[in-house]
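Chemist: Have a look at the structure that comes next, please.
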DNA sequence: GCGACAG
DNA sequence: ATCTTGTCGC
């Protein structure tokens, strides 16, 4: 059985270590990464992809894919325990260490303030930002989403992130502090990583790699020397 | 008690 | 998350 109560207690404990202020020296990052997790073989295998992009050019320079046996089922609120092992495996293989990582999922916009972006950030001790495609908790003013402005995501009278319509006619993004970034910087860096799509480039590439999308397959054909795919 | 619920 | 074609709207 899974001791969910113990995992929740661990989240409350770890959340105390999350730093919600800007990290010294990442104001001009040279590399920004995107991280995403997917599954194979009916969920038995967890697969993490990390894409490292140059900044500000936002070009893919390196990627890593790691596969590990799935250790936990999906339980809302406990996602990070299921995903961090594979993320760590991919992270440890990186040659280029980024100064900032955008993670697919919530940062502190979580019931106990420890989404996968925060948990992973604590483990690698590198600034991270949570960029989720849907909401876990919190409420916001939907009427304020119109003109492309970000609106506060609030839970228990506390702002835990932003809801931002990154692209017209698309569902909004839920941006929150992961670790070692301020709430203002979290939104700012996501905005700086946009190139016309709903998702910021780092996360978009990580997703393309994890799902082997056409854009990534084309990039691989153009950069055969960077092929590190293990299958 | 009831509904909500990242990926 | 993942399985998948066409289809609606800009």
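In the numbering used here, the protein residues as written are 8 to 238. Beta carbons: idealized from backbone N, C-alpha and C, even for Gly. Predicted model only: the values in this text are computed from it and were never measured.
Quick check: what's the CA-CA separation for residue 134 versus residue 124?
Modeler: About 9 Å.
Chemist: According to DSSP, is residue 41 helix, strand or coil?
Modeler: Correct three-state label for residue 41: strand.
Chemist: Give me the Cα-Cα distance between residue 218 and residue 58, rounded to the nearest whole angstrom.
Modeler: Each residue's Cα considered, the two are about 13 Å apart.
Chemist: What is the DSSP secondary structure of residue 4, counted as helix, strand or coil?
Modeler: Absent from the model: residue 4. The displayed extent of the chain is 8 to 238, so no value can be given.
Chemist: Three-state secondary structure (DSSP) at residue 221?
Modeler: Here residue 221 sits in helix by DSSP.
Chemist: When you compare the CB positions of residue 173 and residue 206, do they come within less than 9 Å of one another, or not?
Modeler: Yes, the Cβ-Cβ distance between residue 173 and residue 206 is below 9 Å.
Chemist: Classify residue 77 as buried or exposed, calling it buried when 16 or more other Cβ atoms lie within 10 Å of its own Cβ.
Modeler: Classification for residue 77: buried.
Chemist: Can you name the residues that DSSP bridges to residue 166?
Modeler: 161.
Chemist: So, at 6 Å on beta carbons, what are the nonlocal neighbours of residue 90 in its own chain, with the 5 sequence-adjacent residues on each side left out?
Modeler: So the list reads 44 and 123, once near-sequence residues are dropped.
Chemist: If we ignore side chains and look at the alpha-carbon of each, how far apart do residue 226 and residue 13 end up?
Modeler: Each residue's Cα considered, the two are about 43 Å apart.
Chemist: Put residue 173 into one of helix, strand or coil per three-state DSSP.
Modeler: Residue 173 falls in the coil class under three-state DSSP.
Chemist: Nearest CA to the CA of residue 101: which residue from 156, 69, 129 and 113?
Modeler: When only C-alpha atoms are compared, the closest one is 69.
Chemist: Along the chain, where does the beta strand (DSSP E) containing residue 76 start, and where does it finish?
Modeler: That run of the beta strand (DSSP E) goes 67-76.
Chemist: Is it right to say residue 47 is buried, meaning 16 or more other beta carbons lie within 10 angstroms of its own, or is it exposed?
Modeler: It is exposed - the Cβ of residue 47 has fewer than 16 other Cβ atoms within 10 Å.
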